[in-house]
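K.L.:
Position one of the sequence shown corresponds to residue 55 (this note's numbering), numbered consecutively onward. All C-beta atoms in this analysis are idealised placements derived from N, C-alpha and C, irrespective of residue type, glycine included. Dropping the structure in here first, questions after.
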Amino acid sequence: MNILIIGSGGREHALAWKIKQSAQCDHLYIAPGNPGTADLGQNVAIGVNDFSALYELVLDKSIDIVVVGPEDPLVNGIYDFFMEKEYTGKIIGPSKEGAQLEGSKAFSKKFMARHDVPTAAYAEFDQNNYEEGVQYLRKHSLPIVLKADGLAAGKGVVIANTTEEALQTFEDMILHKQFGDASSKVVIEQFLSGIEVSVFVLTDGQQYKIIGHAKDYKRIGEGDTGLNTGGMGCVTPVPFMDEAFMQQVENNIIRPTVNGLAKENIDYKGFIFFGLINVDGEPFVIEYNSRMGDPETEVVLPRLKTDIVDLFEAVYNGNLEEIEVQYNAGSFATVVAVSGGYPGDYAKGKKITVAGNLGTSILFHAGTKANENGDTLTNGGRVLTVTSSGADITAAVQQSLDNLAKIDFEGMNFRRDIGYEFK
Ligand code: AMP
Ligand code: GLY
55 MNILIIGSGG REHALAWKIK QSAQCDHLYI APGNPGTADL GQNVAIGVND
105 FSALYELVLD KSIDIVVVGP EDPLVNGIYD FFMEKEYTGK IIGPSKEGAQ
155 LEGSKAFSKK FMARHDVPTA AYAEFDQNNY EEGVQYLRKH SLPIVLKADG
205 LAAGKGVVIA NTTEEALQTF EDMILHKQFG DASSKVVIEQ FLSGIEVSVF
255 VLTDGQQYKI IGHAKDYKRI GEGDTGLNTG GMGCVTPVPF MDEAFMQQVE
305 NNIIRPTVNG LAKENIDYKG FIFFGLINVD GEPFVIEYNS RMGDPETEVV
355 LPRLKTDIVD LFEAVYNGNL EEIEVQYNAG SFATVVAVSG GYPGDYAKGK
405 KITVAGNLGT SILFHAGTKA NENGDTLTNG GRVLTVTSSG ADITAAVQQS
455 LDNLAKIDFE GMNFRRDIGY EFK
């Protein structure tokens, strides 16, 4: 089978690494890919939103399965574009309507309300009921959470600790269009307190399989301090996500969500990332994403034993529930190395050196590029991540840290305390 992965980050490198292990994968292409994916398949320089060029590539290379990595092309309707062309292969990634679970906070909140999925109480405002929103913010207890409705590159959520900050954020988002059209509508929701975890599911819109879960560390600083990032590291499995907790997640959240998709005839053949918060042992949904997480994929797929291509096939053959998902033993951790200054301004183009080999750890590239001399250079905020496994979280994290000591680039920064609560 010929398989195409769309995207260029650590998530896509991890997908390539996993797909390449399947005996069913004959040729692997990644568009546009990165220097890490180039070792596993053929990178093709096409952007993730250039649907026409991607479609031509799919015909030219007789691609059987297209796996869409990031949210952007999904929310922009890559699935629908391929369907209109009567593509006969398999696309892993929901329709434009399905991707609204991630693409519109208002859509996802309404969807959860319709299907009784536990989530924070909320209200929705735009220019037309702006004054009502102001009154709502004045009378609500703090902290309070404001969310731009649309995609805002992970920056559209503000947790306001004072009414003043809440009102200013609200004004910036709606009246000053801080995130353009993405913030013309704003969801205001109750603040929930607890530990955040993510659960990953593959679905055909009727049946589903859980393929893993993870806890990620979003803040730049050790001890969960400083600014939010795309993710500084992850661990799996998470000790408190035992059978009883997962049973609640399935019964109260996953099943109602997938049943909701089926009931509303939403075409959804792809991943659902359930961003959850554990409030005193009870799971609530913070957000849905219509794709895998990054860096969560970099621990979830190394832990997954089952052939992922079998799972993709099952999505289109209607037998997903017949597959028994198996996991590799032990704990898995990934630690992300970022550019100095990230998540603020940072320099690119710094040479990356790796001294010696990393043993059983896996180096996944995220923001990297190759130059004409064959050097690998930094090319983003999150540059690379090292995944390791071990008898427990402590051992897995330590192995990643030991290997990060062999890697260097100017300004390199990473957290040494990934998984700290579980050690
Ligand atoms: P989202 O883009 O919806 O995932 O929000 C980004 C981050 O904001 C989440 O990962 C949480 O850390 C935080 N957050 C979002 N909604 C809430 C909430 N209702 N209560 C507490 N924290 C939240
Ligand atoms: N690590 C969070 C995300 O992928 O959205």
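So that I know if they touch, is there some Cβ in chain B lying closer than 8 Å to that of leucine 196?
P.N.:
Absent from the structure is chain B; it holds one protein chain and no more.
K.L.:
Any residue with its Cβ nearer than 6 Å to a heavy atom of the ligand GLY should be included. What is that list in chain order?
P.N.:
The answer, residue by residue, is Asp270, Gly284, Gly285, Asn343, Gly347, Asp348, Glu350.
K.L.:
Starting from phenylalanine 325, follow its DSSP beta bridges and name the residues at the other end.
P.N.:
Answer is Leu256, bridged to phenylalanine 325.
K.L.:
What is the DSSP secondary structure of tyrosine 83, counted as helix, strand or coil?
P.N.:
Three-state DSSP puts tyrosine 83 in a strand.
K.L.:
Classify lysine 269 as helix, strand or coil using the three-state DSSP reduction.
P.N.:
Here lysine 269 sits in strand by DSSP.
K.L.:
Please identify the residue among Asn411, Val392, Ala107 whose C-alpha is closest to the C-alpha of lysine 402.
P.N.:
It is Val392 whose Cα lies nearest to the Cα of lysine 402.
K.L.:
Any idea which residues DSSP pairs isoleucine 57 with across the strands?
P.N.:
Leu82, Ile119, per the DSSP bridge assignment.
K.L.:
If we count the other Cβ atoms within 10 Å of its Cβ and call it buried at 16 or more, is glutamine 453 buried or exposed?
P.N.:
So glutamine 453 counts as buried.
K.L.:
Is leucine 246 near the ligand AMP, judged by its Cβ being under 7 Å from some heavy atom?
P.N.:
Leucine 246: yes, Cβ under 7 Å from the ligand AMP.
K.L.:
Classify glutamate 336 as helix, strand or coil using the three-state DSSP reduction.
P.N.:
Residue state, collapsed to three classes: strand.
K.L.:
Sorry if obvious, but does the Cβ on glycine 329 come closer than 7 Å to a heavy atom of the ligand AMP?
P.N.:
Within the cutoff, so yes.
K.L.:
Should glutamate 125 be counted as a contact of the ligand AMP given a C-beta to heavy atom distance under 7 Å?
P.N.:
Not under cutoff, so the answer is no.
K.L.:
Quick one: is leucine 191 buried, meaning 16 or more other Cβ sit within 10 Å of its Cβ, or exposed?
P.N.:
Under this definition leucine 191 is a buried residue.
K.L.:
Just the C-alpha distance for glycine 131 and glycine 234, rounded to the nearest angstrom, thanks.
P.N.:
Between glycine 131 and glycine 234, the C-alpha separation is close to 20 Å.
K.L.:
Could you pull the start and end residues of the alpha helix (DSSP H) that glycine 314 belongs to?
P.N.:
That run of the alpha helix (DSSP H) goes 309 to 317.
K.L.:
Quick one: grab the DSSP three-state call for valine 282.
P.N.:
Looking at the sequence shown, residue 282 is not valine but asparagine. Of the three classes helix, strand and coil, the one that applies to asparagine 282 here is strand, per DSSP.
K.L.:
What distance in whole Å lies between the Cβ atoms of alanine 214 and leucine 205, which are believed to be in contact at a cut-off of 8 Å?
P.N.:
Going by Cβ atoms, the distance from leucine 205 to alanine 214 rounds to 21 Å, so no, they are not a contact pair.
K.L.:
Have a look at leucine 417 and glutamate 250 and give me their C-alpha separation to the nearest angstrom.
P.N.:
Cα to Cα, leucine 417 sits roughly 26 Å from glutamate 250.
K.L.:
If I'm right that alanine 387 touches valine 292 with Cβ under 8 Å, what's the distance once you round it to whole angstroms?
P.N.:
Not confirmed; about 11 Å, so no contact.
K.L.:
With which residues is arginine 436 paired in a DSSP beta bridge?
P.N.:
Per DSSP, Val392.
K.L.:
What are the partner residues of valine 199, as DSSP defines its beta bridges?
P.N.:
Per DSSP, Ile213, Glu243.
K.L.:
Please find out if some non-hydrogen atom of the ligand AMP comes closer than 7 Å to the beta-carbon of valine 408.
P.N.:
Checking every heavy atom of the ligand AMP against the Cβ of valine 408, none is found closer than 7 Å.
K.L.:
Within the continuous beta strand (DSSP E) that includes aspartate 27, where are the two ends?
P.N.:
Since the first residue of the chain shown is 55 and the last is 477, residue 27 is not available in this structure.
K.L.:
When the distance is taken between beta carbons, is lysine 74 closer than 8 Å to leucine 82?
P.N.:
In this structure, lysine 74 lies closer than 8 Å to leucine 82 by Cβ.
K.L.:
I'd like to confirm something about valine 211: is its beta-carbon nearer than 7 Å to some heavy atom of the ligand AMP, or not?
P.N.:
Checking the Cβ of valine 211 against the ligand AMP gives yes.
K.L.:
Give the single residue among Asp446, Ile472, Ala445, Gly465 whose Cα lies nearest to the Cα of leucine 455.
P.N.:
That would be Ile472, whose Cα lies nearest to the Cα of leucine 455.
K.L.:
What beta strand (DSSP E) runs, 3 residues minimum, are completely inside the region 128 to 191?
P.N.:
For the region 128 to 191, whole beta strand (DSSP E) runs of length 3 or above, ordered along the chain, are 144 to 146, 176 to 180.
K.L.:
Thinking C-alpha only, which one of Ile60, Gly64, Ile59, Leu94 is nearest methionine 286?
P.N.:
Minimum Cα distance to methionine 286 is reached at Gly64.
K.L.:
Return helix, strand or coil for phenylalanine 299, following the three-state DSSP convention.
P.N.:
Residue state, collapsed to three classes: helix.
K.L.:
Pairs of beta-carbons, one from the region 272 to 279 and one from the region 412 to 430, closer than 8 Å: are there three or more?
P.N.:
Taking 8 Å as the limit for Cβ pairs, the verdict is that the region 412 to 430 does not touch the region 272 to 279.
K.L.:
Return the Cβ separation of phenylalanine 325 and leucine 256 in integer angstroms, given the expectation that the two are a contact with Cβ distance under 8 Å.
P.N.:
Correct: roughly 6 Å between the Cβ atoms.
K.L.:
For isoleucine 331 and glycine 248, which I take to be in contact (beta-carbon distance under 8 Å), what is that distance rounded to the nearest angstrom?
P.N.:
Contact holds; Cβ gap of about 5 Å.
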